[in-house]
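Structure, as structure tokens:
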Amino acid sequence: MKYKKATMQHLHMSIIILLLLAFLFPLDAVAGLSAVAPPISWKVSNKADSKWITANGSFIDPVLDNSIMSYTTYFGFYSIDGKSFILSIVISGPQAPVIWSANPENPVNSGAILNFTREGNLILHNGDGTTVWSTATKSKSVAGMVLDVYGNLVLFDKDNISVWQSFDHPTDTLVLGQSLCRGMNLSIRTSNTKWPSARVYFSAEWNGLQYSFKPAAFTKLFETSTIASTCCAFANGSFGFPDNIFFLPSARSLQFMRLESDGHLRLYEMQGTLQDPLMLFDVLSTEMKFCDYPMACGDYGVCSKGQCSCPNLNDFRFQNERLPSAGCIPLRSPSCDHVQDNNNRLILLNNVLYFSNNTFLSFATSTSEDVCKQSCLIDCSCKVVLFRTNNNFSDSPSTNNNVSDSGYCLLLSEQMVILFAEDSSNHFSAFLKIEGNRSDKRRISIVVGSIAGFCLISILVCAMVWKNCKKDKEPLFDGIPGIPKRFSFDELKVATGHFSIKLGAGGFGSVFKGKIGKETIAVKRLEGVEQGMEEFLAEVKTIGRIHHFNLVRLVGFCAEKSHRLLVYEYLSNGSLDKWIFHKSPVFTLSWKTRRHIILAIARGLSYLHEECEEKIAHLDIKPQNILLDDRFNAKVSDFGLSKMINRDQSKVMTRMRGTRGYLAPEWLGSKITEKADIYSFGIVMIEIICGRENLDESQPDESIHLISLLQEKARSGQLSDLVDSSSNDMKFHLEEVVEAMKLAMWCLQVDSSRRPLLSTVAKVLEGVMSMETTPDCTFVPSFASNKTNVEGSTSSYVTSESHLSGPR
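Next comes the structure, spelled out in structure tokens:
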């Protein structure tokens, strides 16, 4: 959007003066002027040095300011507590309304610096030097920066044309004169929402205004087929598209509208410099009813005719009896501690409609009702099951009439909006997960009491068996071939300094650094015998019998009373994820190092699949389970979910396990081979090359799922677009990198029989052979997006809502 030359002519003289000031004066010398020119820097100052302190104790350290009507807008470092700062634009007043923020989710500390570089880039650095935010305007044509009278921060070139402006990057607020265009979003402040790991957005789309909830759109405000513009303008007395206007009270003073934590877009007006902003109007109230808003009744709330209720008073209650819209909570919340013993159950919620039909259409997977419900019961993160039969799914392009109970399944976690509306058509079956009913246990107790004599005998027999088992329990570990060294719990407590240095934690326990003799070790302490015993035995039996340079070496273990610990070799560079997802700002990995890591993973998995006496499927391949030593040699770790496969078996049945984002398409059918690892390896390989996670909800909606994006780019011949842009070395070896991406695509074939052996992958990487075939550009089953079945497959691709087992 060009900044009009006519409105910028008054800056010519200021810019000439400022160009001289920027070079003649030190830091902060020109703070408070209406415009500045690069290069210049500003440091965060403390509360005592700030130029403006509000009535509520918050304050701003201004960089620029300007006046509109009787108010002043400030651009600078805004703080509520004096410890953390957000680069913001605020309006003067007792409550200091914030109308724009650069880093609302990542506050900086008192050592932060804002740099306006010679290259024309505005960059915010934290006290430790890390980059927190940038305008990414690396252009020597940038001549200066101004905060205009509307509260718009503008970087302009020598012709007074806007190069970058804050109006194009709104946060939760619009001011008079600002437009909300397609590609822009208003988002609810994270600090005020019940879903801190997700975001609720309000945007302008081709067919009208829309709410969305990452990763899926969930409700439309209104639609019109006659929209000629893609921008929704906020003017004095109106808001909307040219042919679809919401009429507002005319402004007598400065107005702004804000998307608030309950999803309402409200209009405010400043009522004098000594008063708080006055709420004038609920902007969307003429188009939307109470139950249309995404957060109308909160989690588990059922909205009906403008009223909120809980699903079932026997199982749920209001979070706040005086505020029904705050949502409901289960009286007996499901717990991950009971996933293994099936102590959770599902209750049916009748006559409701899930308010987000678009979410269901985008993310439901094809399966049977029984499999759908069972998937939720064994998935710790699942809180609600939504199921709709084929007969009721008129939106679906195809149905499977051969399976009477087939339909479409969606699992909802706490990170999704769980809200229902009353609906007599009852197209959906909603099942809410709660802890097992205690009344059921009482009925069981009555039955048990009727055969008390038998139970008494059983208890006595069980006690004797348990006593004998306890005696023999620990020697059983001695019968494992190639068993590593056994440690006592006291030995490991001393070795780890009473478990004082924590390296990390996951769903099955924590890992601590220690030392035995001269050897540094990593001790994994499983937390909860019932929860971790199966994984513990699998890991000891598996790693105790295998030895390979690219597999983490198991030094020993401890099995003493309730204590279960595994002692590994210590790898100083930690897990792969912190190096490829840019968690370390020090440097990025070169292509040679990344290629070396990929080859090492392939060799380690090839050994498991092809060289062991029994094939071993790891079943949880992800960057967090790839460890790096001091020379960046990669080693596969964490065999708690592994599965033995006899050489005469083609497939094995197993319960769902693994981590969302790395699951092969065949998982929901539970018939798996070691080829599931190859698909996960392909995802990790692409993540290494692209420098981002497969499922990254911080990305724009169309880029959240990396493998879907890969499929799109492969078909259009634009694979190079996905290569990690932060590494110049990757760009230098672009041709070789793209060939490696094609190799990863071979591993990502939906049909598992078409995936290569990992020994073959290793040979291709070593250069001793070439790819045998050109892989299909299909890595995501078609019904993941259009609800149709993949030919020859009975499985479902589990997208971002199917976290089948917590990452460890």
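In mature numbering (1 follows the signal peptide of the UniProt record, and there is no 0), the protein residues as written are -32 to -1, 1 to 776.
C-beta: ideal position from N, C-alpha, C; glycine also.
For the alpha helix (DSSP H) containing residue i, list its first residue and its last residue.
i: residue 649; result: 643 to 658
i: residue 572; result: 559 to 574
i: residue 488; result: Not the alpha helix (DSSP H): residue 488 falls in the beta strand (DSSP E), residues 487 to 494.
i: residue 251; result: Element bounds for residue 251: n/a, residue is neither H nor E.
i: residue 705; result: 702 to 715
i: residue 679; result: 674 to 684
i: residue 345; result: 337 to 345
i: residue 463; result: 457 to 463
i: residue 547; result: 545 to 548
Using a Cβ-Cβ cut-off of 6 Å (strictly less than) and excluding sequence neighbours within five positions of residue i, which residues of its own chain qualify?
i: residue 239; result: 246
i: residue 157; result: 140
i: residue 78; result: 12
i: residue 491; result: 460, 464, 480, 482, 533 and 535
i: residue 119; result: 41, 57, 67 and 143
i: residue 669; result: none
i: residue 593; result: 605 and 606
i: residue 687; result: 681, 706 and 709
So what does DSSP say about residue i, is it helix, strand or coil?
i: residue 69; result: strand
i: residue 728; result: helix
i: residue 515; result: coil
i: residue 601; result: coil
i: residue 689; result: helix
i: residue 577; result: helix
i: residue 583; result: strand
i: residue 285; result: strand
i: residue 57; result: strand
i: residue 298; result: strand
i: residue 747; result: coil
i: residue 667; result: coil
i: residue 217; result: coil
i: residue 174; result: coil
i: residue 133; result: strand
i: residue 699; result: helix
i: residue 122; result: strand
i: residue 117; result: coil
i: residue 168; result: strand
i: residue 222; result: coil
Identify, in the order they occur along the chain, each residue of the same chain with its Cβ nearer than 8 Å to the Cβ of residue i, setting aside the five sequence neighbours on each side.
i: residue 274; result: 257, 258 and 259
i: residue 711; result: 653, 729, 732, 733 and 739
i: residue 664; result: 671, 672 and 674
i: residue 218; result: 204 and 205
i: residue 213; result: 206 and 207
Which residues in the same chain have their Cβ closer than 7 Å to the Cβ of residue i, if we skip the five residues on either side of it in sequence?
i: residue 701; result: 559
i: residue 471; result: 479, 480, 481 and 490
Could you name the residues that DSSP lists as bridge partners for residue i?
i: residue 78; result: According to DSSP, residue 78 bridges with nothing at all.
i: residue 354; result: 378 and 398
i: residue 630; result: Partner(s): none; residue 630 has no beta bridge.
i: residue 138; result: In the DSSP output, where bridge partners are listed per residue, residue 138 has none listed.
i: residue 429; result: Partner(s): none; residue 429 has no beta bridge.
i: residue 531; result: 528
i: residue 467; result: Its beta-bridge partners do not exist; DSSP assigns none.
i: residue 276; result: 271
i: residue 84; result: 8 and 90
i: residue 472; result: 479
Please list the terminal residues of the continuous beta strand (DSSP E) segment that includes residue i.
i: residue 201; result: 199 to 203
i: residue 33; result: 27 to 36
i: residue 156; result: Taken as a continuous stretch (DSSP letters only), residue 156 belongs to no beta strand (DSSP E), as it is neither H nor E.
i: residue 527; result: 522 to 528
i: residue 101; result: 99 to 102
i: residue 147; result: 147 to 149
i: residue 40; result: 39 to 47
i: residue 777; result: Because the chain here runs from -32 to 776, residue 777 falls outside it and cannot be looked at.
i: residue 321; result: 320 to 322
i: residue 229; result: Here residue 229 belongs to no beta strand (DSSP E), and DSSP marks it neither H nor E.
i: residue 479; result: 477 to 484
Nearer than 7 Å: is that true of the beta carbon of residue i relative to any heavy atom of the ligand GDP?
i: residue 336; result: No copy of the ligand GDP occurs in the structure displayed, which carries no ligand at all.
Counting contacts by CB-CB distance shorter than 8 Å, is residue i in contact with chain D?
i: residue 98; result: Absence of chain D from the displayed structure is noted, only one protein chain being present.
(request) Could you tell me whether the region 112 to 128 touches the region 206 to 214, where touching means 3 or more Cβ pairs closer than 8 Å? (result) no
(message) Within 8 Å, do at least three Cβ pairs link the region 574 to 581 to the region 682 to 699?
(response) Output reads no: the region 574 to 581 does not touch the region 682 to 699.
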